[in-house]
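**Q** Start counting the sequence shown at 1; every next residue gets the next number (our numbering). Backbone N, C-alpha and C define an ideal beta-carbon position, used for all residues, glycine too. On a predicted model such as this, the values are computed, not experimentally measured, just so you know.
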Amino acid sequence: MRKLALLVLPLLLGAVRARAQTSDPVLNRIWAIGMDSTHTPELAQQLLDSIGPRLAGSPGQRRAQDWLISTYAGWGIGAKNERYGTWRGWRRGASHIDLVTPRVRTLEATMVGYSPGTGGRDVTAGTIVLPRFADSAAFVRWLPQARGKLVLVSAPQPTCRPTEDWTQFATPASRARMDTLRTAINREWAGPDVRGTGYSLALAGGSLGLRLDQAGVAGVVTSRPTNALGTRSVFETYNTKSPTISVSCEDYSLLFRLTEHGSNPTIRMNLDAELLGEQPMFNTIATVRGSEKPDEYVMLSAHFDSWDAASGATDNGTGTITMLEAMRILRQVYPHPKRSIVVGHWTGEENGLVGSHAFREDHPEIVKGLHALFNQDNGTGRIVNMSAGGLVNADVHLRAYLDRLPAELRSQINYSGVGTPAGGGSDNASFACAGLPGFSLGSLSWNYGTETWHTERDTYDKIVFDDLKANATLTAMLVYLASEDPTMITRERADLAKVMEEQRARAIAASAGAPQRLPQGPATWPECGVAPRTTSPRLR
Ligand SMILES: [Zn+2]
1 MRKLALLVLP
11 LLLGAVRARA
21 QTSDPVLNRI
31 WAIGMDSTHT
41 PELAQQLLDS
51 IGPRLAGSPG
61 QRRAQDWLIS
71 TYAGWGIGAK
81 NERYGTWRGW
91 RRGASHIDLV
101 TPRVRTLEAT
111 MVGYSPGTGG
121 RDVTAGTIVL
131 PRFADSAAFV
141 RWLPQARGKL
151 VLVSAPQPTC
161 RPTEDWTQFA
171 TPASRARMDT
181 LRTAINREWA
191 GPDVRGTGYS
201 LALAGGSLGL
211 RLDQAGVAGV
221 VTSRPTNALG
231 TRSVFETYNT
241 KSPTISVSCE
251 DYSLLFRLTE
261 HGSNPTIRMN
271 LDAELLGEQP
281 MFNTIATVRG
291 SEKPDEYVML
301 SAHFDSWDAA
311 SGATDNGTGT
321 ITMLEAMRIL
331 RQVYPHPKRS
341 IVVGHWTGEE
351 NGLVGSHAFR
361 EDHPEIVKGL
371 HALFNQDNGT
381 GRIVNMSAGG
391 LVNADVHLRA
401 YLDRLPAELR
411 SQINYSGVGT
421 PAGGGSDNAS
431 FACAGLPGFS
441 LGSLSWNYGT
451 ETWHTERDTY
461 DKIVFDDLKA
471 NATLTAMLVY
481 LASEDPTMIT
491 RERADLAKVM
501 EEQRARAIAA
511 SAGAPQRLPQ
521 GPATWPECGV
531 APRTTSPRLR
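Below, the structure is given as structure tokens:
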């Protein structure tokens, strides 16, 4: 042990002593505070463990927003909740879901967001599989048979192993058989006409869920496994009477097989939930007013809302904490910025970038004076991808900022030049669509798409704190450099067709003429939609 300590200790000390050397003392202090005395673990623990998920319209979201404001207040930074509309509200209580016959098993299952509960009572019901119908009329004729039953509406996966396992271990013939089977089953149980019903299964319930709700089913049973072992995504329902539950791949396929084989499985559920009607919705906005150019703005941006089957750790707890921690650092190192620094902690992102769209609509002064906005929203990994979002002059400014970063941070960033504007995906798109300089800080994946994005595994333990503290440090540096920039970024748009042509030529050259996939991008500048400031009346 002692020998090991002697070997390891100098390495550890070396890491702690490492100092970024730049010619700018402010950048060096940002590095020192961000890398050596990070607050990211405490912030993450408070937000993700103690408060938890932040579903639109939920009491958890309001509690989390109060926490944001008091956290900022503790650092002497002013923040407030800015109302922009309403969204349907919902309180998640406990889900208890057990298979009771033909054998007992507590199922890995929970309500999807906004599901009605069972009024605190046990409800026991049998299952039925959604059959294949000749047409929608046949489906409607079948509906009375589903009354009082739990209807299985998701694809029965022939394997709950990820593709990686099949690639590594299956014989080629077996792998090919599985691929064909999976493709056929997933096609049959998806799209606008699930199993010939004429109804869709968007997110959790879709129009099929609503039709079953109307028909008086006991519940809707769904499963959306991702391509990672033991992981599924959990979204929402618009049902108002029959609960909608999400079941793990393994337990869903168990229920499916038992039902198909005539074992008449029954499930007992006790679900506590409350539909709260339309609730006021707010963005939380923190501001440090500029000392020289208060009408010009540098923005930090990360959505604050989350889906609620886990705690929204990487979507978008990590983006949130990146921005919060960057502000904590800047408050100490750079308390009197030249430009105004504004943080947008948006809500309603998961419902269609609602909060950030509304903010842009409500703030003509920011539309006029926005110098740069930095948005992060794709997981816990270190920031490795940036571009100027299709703005020619922004390319010149961003290159200058990147050149001033310490080598430790600069070397990790694959900067792709002028690039193209975001057409959606996260809140920078709400600004890019208006031709504003809204940039994405793109993170390394850490299997975000399969393991944590909208899944019931998106929890504190998935955070990579070494990456997170580096991201907060990098963001603080970019904000400082943007605030100090002697000239404002102008907004000439690139010729997007030409940018894409160049990107494709580069991909072809880099792959010796055989690229796996050619880069895709918009041919025309994306347009701004109108923020839907209430839940669609059709679905309320
Ligand atoms: Zn997100």
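1) Contact between the stretch 315-329 and the stretch 464-482: three or more CB pairs below 8 Å?
2) Skipping 5 residues on each side, what residues in its chain have a beta carbon closer than 6 Å to that of Q376?
3) Three Cβ pairs or more, each shorter than 8 Å: is that satisfied between the stretch 244-263 and the stretch 133-152?
4) What three-state label does DSSP hand A326 in the structure shown?
5) For L402 and A64, what's the separation of their Cα atoms in angstroms?
6) Any contact between the stretch 346-358 and the stretch 500-518? By contact I mean 3 or more CB pairs, one from each, below 8 Å.
7) In chain order, which beta strand (DSSP E) runs of at least 3 residues are fully inside the stretch 347-426?
8) Inspect the beta-carbon positions of S445 and G379 and report whether they are closer than 8 Å.
9) Nearest-angstrom Cα distance between S242 and G117?
10) To the nearest angstrom, how far is it from the Cα of S536 to the Cα of F169?
11) Taking Cβ positions, are P225 and Q157 nearer each other than 8 Å?
12) Do you know offhand how far P10's Cα is from V333's?
13) Comparing C-alpha positions only, which one of R404, M327, T259 and L300 sits nearest to P102?
14) Would DSSP call L43 helix, strand or coil?
15) Cα-Cα, which of E42, T490, D458 and L68 is closest to N316?
16) With distances taken between CB atoms, is the gap from L48 to S311 smaller than 8 Å?
17) Using the beta-carbon count (16 or more within 10 Å), is T171 buried or exposed?
18) For E456, is the classification buried or exposed, using 16 other Cβ atoms within 10 angstroms of its Cβ as the cut-off for buried?
19) Taking all protein chains shown into account, do 16 or more other C-beta atoms lie within 10 angstroms of the C-beta of V234, making it buried, or fewer, making it exposed?
20) Which residues does DSSP list as the beta-bridge partners of T124?
21) Quick check: what's the CA-CA separation for M386 versus D427?
22) Evaluate S223 with the Cβ neighbour count: other Cβ atoms within 10 Å of its Cβ, from every protein chain shown; 16 or more gives buried, anything less gives exposed.
23) Would you kindly check if the distance between the Cβ of N239 and the Cβ of L210 is under 8 Å?
24) Within 8 Å, do at least three Cβ pairs link the stretch 104-115 to the stretch 283-292?
25) Of all the CB atoms in chain D, is at least one closer than 8 Å to the CB of I285?
26) Within the continuous alpha helix (DSSP H) that includes N428, where are the two ends?
27) According to DSSP, simplified to helix, strand and coil, what is V221?
28) Would you kindly work out how many angstroms separate the C-alpha atoms of P526 and R268, rounded to a whole number?
29) Quick check: is any heavy atom of ligand 1 less than 7 Å from the C-beta of S426?
30) Of all the options V221, G52 and S23, which has the alpha carbon lying nearest to the alpha carbon of D98?
31) Give the C-beta separation of G126 and N351 to the nearest angstrom, bearing in mind that I take them to be a contact with Cβ-Cβ under 8 Å.
32) Looking at the secondary structure, which residues open and close the beta strand (DSSP E) in which V298 lies?
33) Pull up the distance between the alpha-carbon of T163 and that of T110, whole angstroms please.
34) Count the C-beta pairs between the stretch 364-375 and the stretch 422-438 that are closer than 8 Å, then say yes if the count reaches three, no if not.
35) Determine which residues share a DSSP beta bridge with D98 and list them.
36) Kindly indicate which three-state DSSP category R194 falls into: helix, strand or coil?
**A** On the basis of the coordinates in this document:
1) As far as the Cβ criterion goes, the stretch 315-329 touches the stretch 464-482, which means the pair count is three or higher.
2) Once the five neighbours on either side are set aside, the close Cβ partners of Q376 are A302, G319, T322 and L441.
3) Because the criterion of three Cβ pairs below 8 Å is met, the stretch 244-263 and the stretch 133-152 touch.
4) Helix.
5) Taking the straight line joining both Cα atoms gives about 33 Å.
6) The stretch 346-358, when compared against the stretch 500-518, does not touch it at the 8 Å Cβ threshold.
7) For secondary structure counted as the beta strand (DSSP E) over 3 or more consecutive residues, the stretch 347-426 holds these complete runs in sequence order: 370-375 and 383-386.
8) Going by C-beta atoms, S445 is nearer than 8 Å to G379.
9) Rounded to the nearest angstrom, the two C-alpha atoms are 8 Å apart.
10) A direct Cα-to-Cα measurement between S536 and F169 gives close to 47 Å.
11) With respect to the 8 Å criterion, P225 and Q157 are classified as neighbours on the basis of their beta carbons.
12) Since pLDDT at P10 reaches only 48, below the 50 mark, its modelled position is unreliable, and the value read off the structure follows with that caveat. Computed Cα separation, rounded: 30 Å.
13) Among R404, M327, T259 and L300, the Cα nearest to that of P102 belongs to T259.
14) It is helical.
15) N316 has its Cα closest to that of D458, out of E42, T490, D458 and L68.
16) Yes, they are a contact pair.
17) It counts as exposed.
18) Around the beta carbon of E456, 16 or more other beta carbons lie within 10 angstroms, which makes this residue buried.
19) Classified as buried, V234 has 16 or more neighbouring CB atoms from the shown chains inside 10 Å of its CB.
20) According to DSSP, which records beta bridges pairwise, T124 is partnered with R268.
21) If you take the alpha carbons of M386 and D427, they lie about 15 Å apart.
22) Buried, because 16 or more other Cβ atoms sit within 10 Å of the Cβ of S223.
23) Going by C-beta atoms, L210 is nearer than 8 Å to N239.
24) As far as the Cβ criterion goes, the stretch 283-292 does not touch the stretch 104-115, which means the pair count is below three.
25) Annotation note: the requested chain D is absent from the structure, which comprises a single protein chain.
26) In this chain, the alpha helix (DSSP H) harbouring N428 covers N428 to A432.
27) DSSP, read as helix, strand or coil, puts V221 in strand.
28) In this structure, the CA atom of P526 is about 49 Å from the CA atom of R268.
29) Yes - ligand 1 has a heavy atom lying nearer than 7 Å to the Cβ of S426.
30) Out of V221, G52 and S23, V221 has the C-alpha closest to the C-alpha of D98.
31) Between G126 and N351, the beta carbon gap of about 34 Å keeps them out of contact (Cβ cut-off 8 Å).
32) Here the beta strand (DSSP E) through V298 covers K293 to H303.
33) Each residue's alpha carbon lies about 25 Å from the other.
34) Touching, yes.
35) D98 pairs with T106 and R268.
36) Just to set this straight, residue 194 is Val in the shown sequence, not Arg. Helix, per DSSP.
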